[in-house]
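Remarks on the structure that follows.
In the working numbering, the protein residues as written are 89 to 220.
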């Protein structure tokens, strides 16, 4: 979606669904990458939802939708941040969905909803993470 978009937690009544939004000084766009006790895995949190909410993957029949949920020992909340062949860009994977699924922005008319999709050489799976 370009460098002018950031992963954001929208300020609605649920406050739990990430989308791509115009970058700005919004607390839903301030992400904390927290080490875990599982080697190579991190938890992802935002200033907006607070330290007790983590980016998770909904455990349903599709197992592909990210959501902010209560932090716990859930495999959907353990994220790998893998370097790519593009300098400064990373792929995001969870323990829950495995190494074949990556956080992606689907190429549709809105280009704003992240999901877990088959990993590939798709621009929606290359995430810029400053100072990581």
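The beta carbon of each residue, even a glycine, is placed where N, CA and C say it ideally should be.
For residue i, list the residues DSSP reports as bridge partners.
i, result
"residue 106", "97"
"residue 216", "177"
"residue 120", "133"
Verify whether the separation of the beta carbon atoms of residue i and residue j is less than 7 Å.
i, j, result
"residue 104", "residue 155", "yes"
"residue 116", "residue 140", "no"
"residue 129", "residue 168", "yes"
"residue 204", "residue 161", "no"
"residue 212", "residue 192", "yes"
"residue 172", "residue 136", "no"
How would you label residue i, buried or exposed, when you count the other beta carbons within 10 angstroms and need 16 or more for buried?
i, result
"residue 106", "buried"
"residue 164", "buried"
"residue 220", "exposed"
"residue 174", "exposed"
Q: Please go through the segment 122-206 and give each complete beta strand (DSSP E) segment of 3 or more residues, from N-terminal end onward.
A: DSSP runs (the beta strand (DSSP E)) wholly in the segment 122-206: 130-134, 141-145, 154-158, 167-171, 177-182, 189-193 and 202-206.
Check your understanding: Is there contact between the segment 146-153 and the segment 122-134, where contact requires at least three CB pairs shorter than 8 Å?
Key -> The segment 146-153, when compared against the segment 122-134, does not touch it at the 8 Å Cβ threshold.
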